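Numbering (the numbering used here), first residue to last: 10 to 241.
The structure appears right after this line, and notes come after that.
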Amino acid sequence: MKHKYTIAGVGIILIAVALIGGTMAANNAQTSQAAEADISVNGLKGGIEVSSEDPVFAENSDVTATPGGDYDLSLNAVNAGGDLDYASYFKAVIYKEWNDANGEYIDPVESEDVIEDLVRIDDTYLDETVKAGDIINGWIVGSVDEEEVVLYYTKPVAVGEATTPFIDGVRFSESLSNRYTGASYNLKYEVTAVQTVSGEAAFASSFGVYPVIDKNGNIVSVSEEKPATATE
């Protein structure tokens, strides 16, 4: 039987942006606090905690930023356990979006080759040099583009233990123009998990990719195609 911990919550960071005299003032409109919830799937009760030791965008804080500014935002996931205490594999998805002063979506494809923002994991910025399959601080990159980052944690996480951060910060482009005056930057994250005892088939069913798992239970790679070593 497939045992799965689903998402414990969706975190949202909303930053209002205004370009003033070549600088960017950012005010946190909604803080990303630790998300914790009890859930029930097929009779299972459990949870995933998403937490941060030192969130920069704290509640009611004002942040003065400049184009090219780099801001720390460290978030990791914790296996909070439940009725059946099993180690679990984790997936994290980060969604990024810009909206103009009128709330309209800004298409990154129309941004004249300017990369408005870059998510950072550890000391690595997820730019065009980062490819699917790269491993950064314990996370396998499933995919990365201007609007979405998909990550899979390589190690099984025991109950009470945590992953390394799936995000450590965000940097804004030095080339942000007045197009972004009054705009908002939306950064959302979604964390899901599947128990290791459920096997590779459950991993594929839950996460949409097949894992290659070594003898120690660590994930070596993921693929949309079923590898020859995969089991049912």
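Beta carbons: idealized from backbone N, C-alpha and C, even for Gly.
Because the structure is a prediction, the values reported are computed rather than measured.
Take residue i as the anchor and find which of the options has the nearest alpha-carbon.
i       : options                               : result
Glu-119 : Ser-186, Glu-199 and Asn-227          : Ser-186
Pro-165 : Tyr-114, Asn-195, Lys-100 and Lys-140 : Lys-100
Pro-117 : Glu-106, Ala-110 and Asn-111          : Glu-106
Glu-137 : Asn-146, Gly-147, Ile-103 and Asp-126 : Asp-126
Gly-208 : Thr-190, Asn-195, Ser-193 and Ile-228 : Ile-228
Tyr-194 : Asp-81, Tyr-98 and Ala-110            : Ala-110
Gly-77  : Arg-180, Thr-205 and Tyr-161          : Arg-180
Val-221 : Ala-89, Ile-149 and Ser-184           : Ile-149
Ala-213 : Tyr-161, Thr-172, Asn-225 and Ala-192 : Tyr-161
Asn-146 : Gly-226, Leu-135 and Ala-211          : Leu-135
Glu-237 : Ala-210, Glu-170 and Phe-216          : Before going on, a small fix: residue 237 reads as Ala here, not Glu. For the residues Ala-210, Glu-170 and Phe-216, the minimum Cα distance to Ala-237 belongs to Ala-210.
Ile-144 : Thr-163, Val-153, Glu-156 and Glu-155 : Thr-163
Asn-215 : Gly-226, Asn-225 and Glu-233          : The residue asked about is misnamed: residue 215 is Ser in this sequence, not Asn. Answer by Cα proximity: Glu-233.
Tyr-80  : Val-153, Ser-182 and Thr-172          : Ser-182
Secondary structure at residue i, three-state DSSP: helix, strand or coil?
i       : result
Glu-106 : strand
Val-87  : strand
Ala-101 : strand
Thr-40  : Bear in mind that the predicted position of Thr-40 carries a pLDDT of just 30, short of 50, making it unreliable; the figure below should be weighed with that in mind. In the structure shown, Thr-40 sits in coil (DSSP, three-state: anything other than H, G, I, E or B).
Ala-96  : coil
Ala-237 : coil
Leu-23  : With a pLDDT of only 47 at Leu-23, under the threshold of 50, the placement of this residue in the model should not be trusted, and no figure is reported.
State the beta-bridge partners of residue i as determined by DSSP.
i       : result
Ser-230 : Val-221
Asp-79  : Arg-180
Tyr-114 : Asn-108
Are the beta-carbon atoms belonging to residue i and residue j less than 9 Å from one another?
i       : j       : result
Val-231 : Gly-142 : yes
Asp-131 : Pro-174 : yes
Ser-83  : Gly-151 : no
Ile-103 : Lys-197 : yes
Val-200 : Ala-96  : no
Asn-88  : Val-168 : yes
Thr-205 : Tyr-98  : yes
Ile-115 : Ala-192 : yes
Val-128 : Val-159 : no
### Message
Please give me, in chain order, every unbroken run of the beta strand (DSSP E) with length at least 3 that falls completely inside the stretch 117-203.
### Response
For the stretch 117-203, whole beta strand (DSSP E) runs of length 3 or above, ordered along the chain, are 126-130, 148-153, 157-162 and 176-181.
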